[in-house]
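Here the structure is laid out as structure tokens; the discussion comes afterwards.
Protein chains: 2
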Amino acid sequence: MELNEKQTAAIFKAFCDENRIKILQLLIDGEKCACRLLEAMNITQPTLSHHMKTLLDSGIVNGRKEGKWMHYSISEEGLEKAQKYIDYLKGEV
Amino acid sequence: MELNEKQTAAIFKAFCDENRIKILQLLIDGEKCACRLLEAMNITQPTLSHHMKTLLDSGIVNGRKEGKWMHYSISEEGLEKAQKYIDYLKGEV
DNA sequence: AAAATATATTGACAAACTTCTATATGTAAT
DNA sequence: ATTACATATAGAAGTTTGTCAATATATTTT
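Those sequence lines, one after another, are chains A and B. Add 10 to a position in the first sequence, counting from 1, and you land on the number used in my numbering. Add 10 to a position in the second sequence, counting from 1, and you land on the number used in my numbering.
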């Protein structure tokens, strides 16, 4: 494994909050803008923004700005990193 | 997915702390007792005990008591659950 | 029974995290 | 230019988490 403990923990921060899990679920069927995520969740706009930042930092979510909209989607690459770490723990690497 | 957001977050709690990641690394090459984990880490015994409880709760680690020793090991079953969730996010389920 | 050892629990404190309101920034429409 | 809309940032409050020292519990050894 090429990552240290801090970096690994940062990746998985994406998955250890209830609301972030909910956001990830919403992104499963494809890219969504922040406003659509917001209306599907029971949190304020700044709270969503904060979680999106955490998700971007973790690398599990991609962001794409288009005009005044911010579009978010699940990052295959990010998921693969997480997956690789779990494989590593399974002794499969 | 048969798990709710809270349960899913609980599983991944295992991976979102630096020290817990370190503990998991130590368990990769097999079961270890708490005392051996302790001497490999830079934390006090109660802190280790606290993290082991979190890891047990997450289902990622198994515990086995033998005399006065507590032996911990990585749970294949727990890892599989985590893995399945990530597969799910990838749209592979 | 007493001492020694391994681990867990309690309680306190500090750091980190989640959430909010208020406000700022950036973009598009009038 | 002004207004409207989408998102981000700042700052504060409350909550959770990580950590430790002190103590309790459980097991083994003497």
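Backbone N, C-alpha and C fix where the C-beta goes; we use that ideal spot for every residue, glycine too.
- A Cβ-Cβ contact shorter than 8 angstroms links residue 55 of chain B with residue 48 of chain B.
- Between residue 26 of chain B and chain A, the shortest Cβ-Cβ separation is below 8 angstroms.
- Here residue 88 of chain B is buried: its Cβ has 16 or more other Cβ atoms, across all protein chains shown, within 10 Å.
- Runs of alpha helix (DSSP H) with 4 or more residues, each lying fully within the stretch 14-72 of chain B, are found at 15-23, 28-37, 44-50 and 55-68, listed in chain order.
- Looking at the DSSP output, residue 76 of chain B bridges to B/79.
- Of all residues in the stretch 78-102 of chain B, only 84, 86, 89, 90, 92, 93, 95, 96, 97, 98, 99, 100 and 101 come within less than 9 angstroms of chain A when Cβ atoms are compared, listed by chain position.
- The Cβ atoms of residue 32 of chain B and residue 15 of chain A lie closer than 8 angstroms to each other.
- If you draw a straight line from the Cα of residue 51 of chain B to the Cα of residue 79 of chain A, it comes to about 46 angstroms.
- Contact between residue 93 of chain B and residue 93 of chain A holds, since their C-beta atoms are separated by about 7 angstroms, short of 8 angstroms.
- Close partners of residue 34 of chain B in chain A (Cβ separation under 8 angstroms): 99.
- Close to residue 15 of chain A, with beta-carbon spacing below 7 angstroms, are these residues of chain B in chain order: 28, 31 and 32.
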